[in-house]
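J.: Quick one: structure below, then a few questions.
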Amino acid sequence: MELENLKEVKENFQIMKPSLKDPSIVIFNITDELSNEEFIDSLRAQNEDLTNATLKIRTSYKSKFGKNWIISMDHVAFNALKKRKKINLNWQRLSFKENFRIIQCFKCANYGHTAMTCRDEEFKTGGGICLRCADKGHRERECHADPKCSNCTSHNLKFGSTFKTDHSARSNDCKIREKEIDFIISRNNYGP
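The following block contains the structure:
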């Protein structure tokens, strides 16, 4: 029996497919001080692929060599832009890459929530685990131990998998992180 055909379901629930999110990029090391409007206008004026694009600033944050900006855009602009190596802004050619918006908890190291909203009973009060070695009692920046990924270790114990664990929980070599990125990609609108 299909879920949509159940009378109670029809009367009490609305079944709909989740909407996909626009893909986003992070543009690195912008040295100019720009307002949001100036930033968008400059991108449109100097990048043909973005002239008619739907652009939305997600956030910006300081980096070692300037400021990094995260912007989302429609799939047409994104697909055209990803064929390029650089983006133009105020007569500079800047590096960029796709931004996956990975959310990781710094208490339990799991994905999909932040430390502020962590529901893991073990870490409700006090500190969390070190994202480098998976031990309690210290932070990643203070750690000198060999790396051990808490996520891959937990997955191996729970499912009998054989993921390597000799990396930090934030490493790009982490199989659980790769799965999280795949999940995020599945929720983005890259077009037909």
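Residue numbers for the sequence shown follow full-length UniProt numbering, beginning at 1 and rising by one. For glycine and all other residues, C-beta sits at the position ideal for the given N, C-alpha and C. All values reported here derive from a predicted model rather than from experimental measurement.
#1: With a Cβ-Cβ cutoff of 8 Å, do R101 and I184 count as a contact?
#2: Would you call the segment 168-178 in contact with the segment 132-148, where contact means no fewer than 3 C-beta pairs closer than 8 Å?
#3: Helix, strand or coil for R93? Go by DSSP, reduced to three states.
#4: So E47 and L94 are supposed to be a Cβ contact under 8 Å. How far apart are they, rounded?
#5: Let me confirm a value: R141 is counted as buried when at least 16 other C-beta atoms fall within 10 Å, else exposed. Which label applies?
#6: Here's the rule: buried if 16 or more other CB atoms are within 10 angstroms of the residue's CB, otherwise exposed. What is M16?
#7: For Q104, does the count of other Cβ atoms within 10 angstroms reach 16, so buried, or fall short, so exposed?
#8: For the beta strand (DSSP E) containing S60, name the first residue and the last one.
#9: Contact check, S150 vs N99 under 8 Å by CB: the rounded distance?
#10: Sorted by chain position, which residues of the same chain lie with C-beta nearer than 8 Å to K107's C-beta, five sequence neighbours on each side aside?
#11: Among the candidates Q14, N88 and S60, whose CA atom is the shortest distance from the CA of S42?
T.: With the structure as the only source:
#1: The residue given as residue 101 occupies position 101 in the sequence shown. The residue given as residue 184 occupies position 184 in the sequence shown. Against a cut-off of 8 Å, the Cβ pair of I184 and R101 comes out as a contact.
#2: yes
#3: Here residue 93 corresponds to residue number 93 of the sequence shown, with the count starting at 1. Here R93 sits in strand by DSSP.
#4: Residue mapping note: residue 47 aligns to position 47 of the sequence shown, counting from 1. Residue mapping note: residue 94 aligns to position 94 of the sequence shown, counting from 1. The question names Glu, yet the displayed sequence has Asn at residue 47. Actually they do not touch by this definition, with Cβ atoms about 11 Å apart.
#5: The residue given as residue 141 occupies position 141 in the sequence shown. Per the 10 Å Cβ criterion, exposed.
#6: Taking the sequence shown and counting its residues from 1, one reaches residue 16 at position 16. M16 should be labelled exposed.
#7: Translated into the one-based positions of the sequence shown, residue 104 becomes position 104. So Q104 ends up on the buried side.
#8: The residue labelled residue 60 in the question sits at position 60 within the sequence shown. L55 to S63 is the extent of the beta strand (DSSP E) around S60.
#9: Here the question's residue 150 lines up with position 150 in the sequence shown. Here the question's residue 99 lines up with position 99 in the sequence shown. Actually they are not in contact, since the Cβ atoms of S150 and N99 sit about 24 Å apart, beyond 8 Å.
#10: On the sequence shown, position 107 is the one that residue 107 refers to. Counting only Cβ-Cβ distances below 8 Å, and skipping sequence neighbours, we find A115, C118, D120, F123, G127, G128 and I129.
#11: For the purposes of this step, residue 42 is taken as residue 42 along the sequence shown, with counting starting at 1. When each option's Cα is compared against that of S42, the closest is N88.
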